[in-house]
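Number 713 marks the last residue of the sequence shown (this note's numbering); no jumps. Positions of the beta carbon are idealized from the N, C-alpha and C atoms, including for glycine.
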Amino acid sequence: MTSQATSHRDEDPVFEWALPGLHLKFDHRDGRPVRLVRLATAPEAPSAAQPWAIIDVTTAGVKHDASDDQGLLYASAGQRLRYAGHESDETELRIRQRAPEFGVEVLSVFRAAGPGLQIRHTVRNVADRSLVLLSVSSALVAVTGDGGHDLLWGETEWRAEGRWRQRPLRELLPDTDPAMHGGQHPRGLFSLTSHGSWSTGSFLPTGVLAAETVPSIAWQVETSAGWHWEAAQTGATVTVGAYGATERHHQFAARLAPGEEFTSVPAGLCVADGGRDAAFAALTGYRRAIREVRPVDGRLPVVYNDYMNTLMGEPSTEKLLPLIESAAEAGAEYFCIDAGWYAVPGSAWWIGAGEWLEAPERFTGGLSSVVDAIRANGMRPGLWLEPESVGVESAMAERLPEEAFFQRFGERVIVAGNFQLDLRHPAARAHLDETVDRLVDEFGLEFIKLDYNRNIGGGTDVDADAPGAGLLGHTRAFRDWLVGVHARHPGVLFENCGSGALRMDYGILSVAHLQSTSDQEDFRKYVPIAAAAPASVLPEQAGNWAYPAAAMSLEETAFAMTAGVMGRLYLSGFLNELSAEQSALVREAVALHKDWRHRIAGSHPVWPLGLPGWGDEVIALQLDTGSESLLALWSRGEAAEVELPGLRGRDLKQVYPIALPEWTIRTDGETPVVKLPAGPDARIFTVQR
């Protein structure tokens with residue numbers, strides 16, 4: 025139970041907020057804005073933070089205080105904020121500040137979430153004239169510049185998602201000796217920025233400053249619209265700023281009339297005593313804490329989907345029936361019919377989509393007969409949708425009003441033969457409500473895959489001060505729509521997909537059940553994606569494809585299945601064409617995953633050989649539950665011996681595949697050394713403390 029909030033005002037210019045696993049201290053002495061001066065895991069633990077203002081705000085017509093204008097720090101409005109009170113309880117700290125000369129009042133909310141904080145700021149116009157916001161930070165934190173930190177960030181693209189980099193911070197932000205230059209702040213920074221409406225189309229909205237001797241911090245920006253984060257060397261400290269959409273990077277602006285307010289997108293912030301893996305463990309716990317978990321989430325079922333390397337958008341009754349039988353035999357619990365179910369065979373199914381009616385030419389006996397077959401085989405039915413897209417040849421393109429679509433300069437935005445619905449408009453929302461309600465009622469759906477295959481660009485200028493604000497408004501409305509669908513259909517699971525993982529952010533993942541981690545069709549190239557996925561998404565949400573094929577050897581089959589076991593198993597492939605030995609390997613992998621899935625949902629990721637590189641020949645992922653772990657090793661090159669110093673003193677036991685030869689494990693002292701054959705080859709082990 026949450027205790028009643030305690031309010032304070034001005035009595036002490038230094039105040040603290042202590043929680044289990046977190047300790048924060050703030051300072052507003054000397055007429056400065058409120059600064060975070062301490063961020064630690066406990067009152068006696070070392071602090072990660074150096075003094076820094078908790079928010080930056082930029083407004084039109086106001087120049088930055090600093091000569092630097094490459095970054096977003098030192099905003100005049102943000103630097104002129106002054107403390108006006110705070111209150112706290114067991115779950116939230118709320119700090120109020122004002123800058124009367126700018127007509128700005130800010131409420132900053134720090135919400136406890138597992139081992140981390142979810143932070144958002146609400147900016148209110150208290151002047152008697154309009155105010156135009158150009159950016160509002162979501163999270164700001166500064167750390168000492170001599171902690172020997174590494175900076176970690178993620179690069180991504182279609183079919184090559186989640187490629188993490190780790191570099192010493194001093195290589196990225198060189199020391200330019202500010203003292204010698206009159207104390208001027210350096211103008212260099214390291215920054216990542218989203219592009220268009222794919223929030224993770226180029227980079228990931230997550231970063232880590234990792235160190236072994238001082239606390240590490242991790243952060244993420246939680247929005248499906250524009251985001252930006254930057255790290256800058258500022259004298260003796262390194263400052264990290266996390267932002268949603270900004271005018272500089274995303275064509276964002278929000279005009280506030282007197283009395284109106286704007287709330288920043290949320291950002292997550294974690295601190296950990298330890299290096300890289302400790303920071304990601306904290307971020308994993310934080311992500312679990314911010315999810316809106318519903319009872320249907322708890323089953324963590326195995327889903328078969330007919331798309332990847334299988335029907336590829338061309339389903340029919342005749343093609344689906346043997347897949348349904350073989351998926352059930354393999355142990356799948358849900359069967360999802362992917363794209364193309366609504367399109368006449370041979371037509372361009374992506375430009376005619378939008379009405380979401382079955383194509384009777386595809387299904388002998390109708391789509392309902394296929395759904396009946398899914399249920400007769402003991403599985404629950406699902407369908408694919410791309411709800412925000414309307415093909416240029418769809419009837420809905422004419423039926424819905426112009427204002428229900430993204431527009432720029434009075435014209436509808438068109439990308440690859442598709443218009444983009446704007447969920448802020450009631451007609452667009454009503455259309456999607458009717459679609460989902462009808463499909464769930466007509467076919468008894470219990471799974472819906474929500475895809476998003478078009479980067480629509482900067483946004484829409486309809487009912488928005490700038491395109492980036494229109495995109496933000498739409499993505500917030502889309503999330504609200506999905507929450508409403510959950511409420512009406514609490515027994516339906518929803519997968520988030522964005523042409524693979526190109527819209528993989530916790531703005532949407534906090535209310536989705538699982539996430540497609542890639543569209544990569546090569547089982548050898550899928551491994552670094554699946555192994556790195558828990559850095560970006562919870563293991564129990566990481567829908568890793570496992571698509572065995574008849575042309576694979578037994579070792580290749582086990583290799584392909586291993587990626588699925590080490591996350592949220594997402595099955596595909598022509599299982600009906602596999603040999604008896606291959607089918608046995610598939611069933612064994614599914615059974616192992618089912619045995620471990622609820623433990624995986626309480627695990628945190630560890631990378632004994634480091635985060636995987638795209639071309640690495642040996643890749644390892646450990647899902648650590650405390651007393652026991654699941655460890656996967658993949659070989660993609662020549663035979664090798666691999667030392668696992670992080671598993672010193674642990675017992676390794678091969679648990680998949682049982683039917684294939686065991687890999688040799690010896691100990692040098694107490695350190696396990698595994699002998700890997702030439703690849704592609706993979707094994708899964710349990711690790712006992």
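Exercise. Which residue from Pro572, Ala372, Ala664, Ala291 puts its Cα closest to that of Asp640?
Worked result: For the residues Pro572, Ala372, Ala664, Ala291, the minimum Cα distance to Asp640 belongs to Ala664.
Problem set entry | Whole-angstrom distance between Gly588 and Leu655, CA atom to CA atom | Rounded to whole angstroms, Leu655 to Gly588 spans 13 Å at the Cα level.
Exercise. So, Tyr107 versus Val327, is the Cβ gap smaller than 8 Å?
Worked result: No; because the gap between Cβ atoms is not below 8 Å, this pair is not in contact.
Problem set entry | Nearest-angstrom Cα separation, counted from Pro491 out to Glu271 | In this structure, the straight-line span from the alpha carbon of Glu271 to that of Pro491 is close to 10 Å.
Problem set entry | DSSP beta-bridge partners of Leu595 | Residue pairing by DSSP puts Leu595 in a beta bridge opposite Tyr328, Ala570.
Exercise. Buried or exposed: where does Met336 fall if 16 or more other Cβ atoms within 10 Å of its Cβ makes it buried?
Worked result: Here Met336 is exposed, its C-beta having fewer than 16 other C-beta atoms within 10 Å.
Exercise. Is the beta carbon of Val614 less than 8 Å from the beta carbon of Leu602?
Worked result: Taking 8 Å as the Cβ cut-off, Val614 and Leu602 do not qualify as a contacting pair.
For this session: Might you give, ordered along the chain, the residues of its own chain that have their beta carbon closer than 8 Å to the beta carbon of Glu285, omitting 5 neighbours on each side?
Result: So the qualifying residues of the chain are Thr146, Val147, Arg148, Asn149.
Exercise. Pairing CB atoms from the stretch 172 to 182 with CB atoms from the stretch 149 to 162, are three or more of them under 8 Å?
Worked result: The answer is no - the stretch 149 to 162 does not touch the stretch 172 to 182, with fewer than three Cβ pairs under 8 Å.
Problem set entry | Three CB pairs or more closer than 8 Å across the stretch 425 to 434 and the stretch 365 to 381 | Flag = no, the stretch 425 to 434 and the stretch 365 to 381 do not touch.
Exercise. Residues in its own chain within less than 8 Å of Gly524 by CB, not counting five upstream and five downstream?
Worked result: Within the same chain, Trp182, Arg183, Glu185, Ser540, Thr541, Ser542, Asp543, Gln544 come within 8 Å of Gly524 by CB-CB distance, once the 5 residues on both sides are set aside.
Problem set entry | Coarse secondary structure for Val38, derived from DSSP in three states | The DSSP-derived three-state label of Val38 is strand.
Problem set entry | Beta-carbon spacing of Val561, Trp658 below 8 Å | For Val561 and Trp658, no; Cβs fall outside 8 Å.
For this session: Let me know the secondary structure DSSP gives Trp222 once reduced to three states.
Result: Under the three-state reduction of DSSP, Trp222 is assigned to strand.
Exercise. What are the residues that DSSP puts in a beta bridge with His791?
Worked result: Any question about residue 791 goes unanswered here, given that the chain covers just 25 to 713.
Problem set entry | CB-CB length for Ile314 against Phe359, believed under 8 Å | Not confirmed; about 30 Å, so no contact.
Exercise. Would you say the stretch 499 to 516 touches the stretch 451 to 470, given that touching needs at least three Cβ pairs under 8 Å?
Worked result: Using a C-beta cut-off of 8 Å, the stretch 499 to 516 makes contact with the stretch 451 to 470, since at least three inter-stretch Cβ pairs fall below that distance.
For this session: Check whether the Cβ atoms of Pro405 and Glu470 lie closer than 8 Å to each other.
Result: Contact: yes.
Exercise. Can you find at least 3 beta carbon pairs, one from the stretch 437 to 457 and one from the stretch 415 to 423, that sit closer than 8 Å?
Worked result: Because the criterion of three Cβ pairs below 8 Å is met, the stretch 437 to 457 and the stretch 415 to 423 touch.
Problem set entry | Euclidean distance between Cα positions of Leu131 and Leu213 | Their backbone Cα atoms lie some 28 Å apart in a straight line.
Exercise. According to the neighbour-count rule (16 or more other Cβ atoms, all chains shown, within 10 Å of its Cβ), is Ile682 buried or exposed?
Worked result: Residue environment analysis places Ile682 among the exposed positions, since fewer than 16 neighbouring C-beta atoms fall within 10 angstroms of its C-beta.
Problem set entry | Alpha-carbon spacing of Arg118 relative to Ser596, whole angstroms | Approximately 48 Å between the Cα atoms of the pair.
Problem set entry | the stretch 66 to 80 / the stretch 239 to 249 touching (three or more Cβ pairs under 8 Å) | Touching, yes.
For this session: Check Thr247 in the structure and name its three-state DSSP category.
Result: Collapsing the DSSP output to three states places Thr247 in coil.
Exercise. If you count every other CB in all the chains shown that lies within 10 Å of the CB of Asp36, and 16 or more means buried, which is it?
Worked result: Label assigned to Asp36: exposed.
Exercise. Going along the chain, which residues of its own chain have a beta-carbon closer than 7 Å to the beta-carbon of Val368, five neighbours each way excluded?
Worked result: Only Ala383, Glu385 meet the Cβ criterion.
Exercise. For the putative contact between Ala536 and Trp188, defined by C-beta atoms under 8 Å, what is the C-beta separation to the nearest angstrom?
Worked result: Not confirmed; about 22 Å, so no contact.
For this session: Kindly provide the ranges of any beta strand (DSSP E) runs that are 3 or more residues long and lie completely inside the stretch 102 to 184, ordered along the chain.
Result: If one requires a minimum length of 3 residues, the beta strand (DSSP E) runs lying completely within the stretch 102 to 184 are 106 to 112, 116 to 123, 128 to 137, 140 to 149, 155 to 168, 174 to 179, in chain order.
Exercise. DSSP three-state call for Val395: helix, strand or coil?
Worked result: Residue state, collapsed to three classes: helix.
For this session: Run the CB neighbour count on Arg462, radius 10 Å, all protein chains shown included, and call it buried at 16 or more, exposed below.
Result: Counting Cβ neighbours within 10 Å, Arg462 comes out exposed, since fewer than 16 surround it.
Exercise. Among Thr710, Phe598, Gly309, which one has its Cα closest to the Cα of Gly138?
Worked result: The option with the nearest alpha carbon to Gly138 is Gly309.
Exercise. What is the rounded straight-line gap between the Cα of Gln257 and the Cα of Leu228?
Worked result: Note on geometry: alpha-carbon atoms of Gln257 and Leu228 lie some 21 Å from one another.
Exercise. Looking only at its own chain, which residues have a Cβ that is under 8 Å from the Cβ of Pro514, when we skip the five neighbours before and after it?
Worked result: Taken in chain order, the residues that qualify are Arg318, Pro319, Val320.
Exercise. With 16 as the cutoff for other CB atoms within 10 Å, does Ser31 come out buried or exposed?
Worked result: Exposed is the call here.
For this session: Leaving aside the five residues before and after Gly109 along the sequence, list all residues of the same chain whose C-beta is less than 7 Å from its C-beta, in chain order.
Result: Around Gly109, the same chain offers Ser31, His32, Arg33, Arg120 as residues with beta carbons nearer than 7 Å, after the five sequence neighbours per side are excluded.
Exercise. Which residue's Cα is closest to the Cα of Leu409: Leu193, Leu196, Gly522?
Worked result: Of Leu193, Leu196, Gly522, the residue nearest in Cα terms is Gly522.
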